[in-house]
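These notes concern the structure reproduced below.
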Amino acid sequence: MHNMFLRLFVACLVILLGSFAVSAQEGAERQPLPQGVQRPLQIHLVVRVLDILKIDETTGDAQLVVEVQQRWKDPALQFNAIQFGRDRQDFTGAEAAAKLATIWNPAVEIENRSGDETLQLEALSIRSNGEVTSMRRLEGSFRFARDLSAFPFDQQHVRLAFVSQYYPADDVVFVQDFQDRQLSGLPPQLSASDWSAKNLSFTTAQFYGWSARPFAKLTAEVAIDRKWPRYFLRIFIPFIAVLSVSLFILWQPKGLIGDKTGVTYSALLALAALSFTFEASFPGSMSVTSPIAFMISIGYFYLILALLIDLFMESERFPGRTAYPFLSSEVRRVVRYVMPLMFTIICICVTLRSLA
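With this note's numbering applied, the sequence shown has no gaps in its numbers, which climb one by one up to 364 at the end.
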């Protein structure tokens, strides 16, 4: 019994010491808000996406190199530019991190970051009027909501959600003026070779934290387009090769193909295998709304319909065969053009609808 009470006392003591340590650490990180500045304090954000290294559709992660610039005003940091010799104090690397730890900063984090980030560059500038500019260049993975409903003609939206760790919207808000938007931007070329950057947009919003207090959030959204011609050999050539069986059925001379039913069902199995391969390589791409999934679905009906029409025209029960012996050959001549043409038009319309 004595040992049990002793263990309980030690556990409580450890918890209390841990809470005091956390409080002390937060107190060291959280400097008092700047005085003499209108509340809420405006934090200007400039976001430059320098590169997109990788897009992983299976996990919904994007690996980016981002440069984030924060700007705010702190009257306590004003100094005499004439006495100092210049209008700005500049710090880089470890010196910038050490200086930033001694002054107030908004403690901005990217909310949807997954895993650890790699800090490549850090810089800090303080002007004589108290304007502080903090710049960080980092590489990391960020979660995004993937949407493969238009695969392979899809567009993905990678979002970077910037929030303050400690300060609610009553104390800190994120703003962007014309200059901030002009300085933000995207690279002309991406390391992720299957993608191209389209545009960068910004939205501001509020959310409620665990304390039921509103917090400000600024979201930078990068729209990227998939380079669908790169998927032509991987997706459309096998698809066209499987469906070419219908051309052999409709155009082959009589007696060239013996077991048409077996050939058609082999093509159906190949089409099913193709569908499973696409789903394994690009999870979610075979959803009911994706163009390639729709093409494969109507491809099943197209192959079966081509076989049934051929068997019907070869049948002795074909209507009017006795009275009109050339009717079946004329019908075949029309069908062999109309069916592939209609299927091609449908596929083109589905593709154009996805690209719109």
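We treat Cβ as the ideally placed atom computed from N, Cα and C, and that holds for glycine.
No experiment lies behind these values; they were computed from the predicted model shown.
CA-CA distance, V140 to I111, rounds to 10 Å. When the beta-carbon positions are compared, W236 and P160 come within less than 8 Å of each other.
Burial of T272 is indicated by the presence of at least 16 other C-beta atoms within 10 angstroms of its C-beta. Out of T67, V74, P299, L277, the CA that lies nearest to the CA of A153 is found in T67. With respect to G138, L85 sits close: the two C-beta atoms are nearer than 8 Å. The residue among I63, N113, Q173 with its C-alpha nearest the C-alpha of R167 is I63. Rounded to whole angstroms, the separation of the alpha carbons of P195 and R340 is 55 Å.
In this structure, the beta-carbon distance from R47 to D185 does not fall below 8 Å. In the three-state reduction of the DSSP assignment, M303 falls in the helix class. Counting C-beta pairs with one atom in each stretch, the stretch 212 to 226 and the stretch 83 to 103 have fewer than three that are closer than 8 Å, which means they do not touch. The beta carbons of L49 and P42 sit about 7 Å from each other, so the pair counts as a contact at 8 Å. If you draw a straight line from the Cα of A109 to the Cα of V76, it is about 18 Å long. When only Cα atoms are considered, S149 and E119 end up about 11 Å apart. Between D162 and W203, the gap from beta carbon to beta carbon reaches 8 Å or more.
In this structure Q97 is in contact with S133, their Cβ atoms being roughly 7 Å apart against a cut-off of 8 Å.
Per the coordinates, the alpha-carbon of L72 lies some 14 Å from the alpha-carbon of L129.
Here E103 carries a helix assignment [DSSP, helix/strand/coil].
In the DSSP assignment, the residues bridged to D233 are Q163, S204. Residue pairing from DSSP places M143 in a beta bridge opposite Q77, A131. Looking at L156, R94, S201, L191, the one whose alpha-carbon comes closest to that of S209 is L191. Contiguous beta strand (DSSP E) elements confined to the stretch 41 to 80 occur at 49 to 64, taking only those with 3 or more residues. If you look at E117, you'll find it in the beta strand (DSSP E) that goes 116 to 118.
A direct Cα-Cα distance of roughly 10 Å separates T100 from A106. The DSSP-derived three-state label of G217 is coil.
The bridge partners DSSP lists for S172 are V116. When C-alpha distances from F92 are compared across S136, L127, E117, E103, the shortest belongs to S136. About 6 Å separates the CB atoms of M347 and A314; that is less than 8 Å, so the two are in contact. Residue state for G123 is assigned as strand, using DSSP reduced to three classes. Annotation for A70: I63, F150, F152, V166 place their beta carbon closer than 6 Å to its own, counting only its chain and skipping 5 residues before and after. Comparing alpha-carbon positions, the option among L363, D59, A281 lying closest to S298 turns out to be L363.
At the C-beta level, I300 and S293 come within 8 Å of one another. For T211, the beta-bridge partners assigned by DSSP are T227. CA-to-CA, the gap between R145 and F302 works out to about 43 Å.
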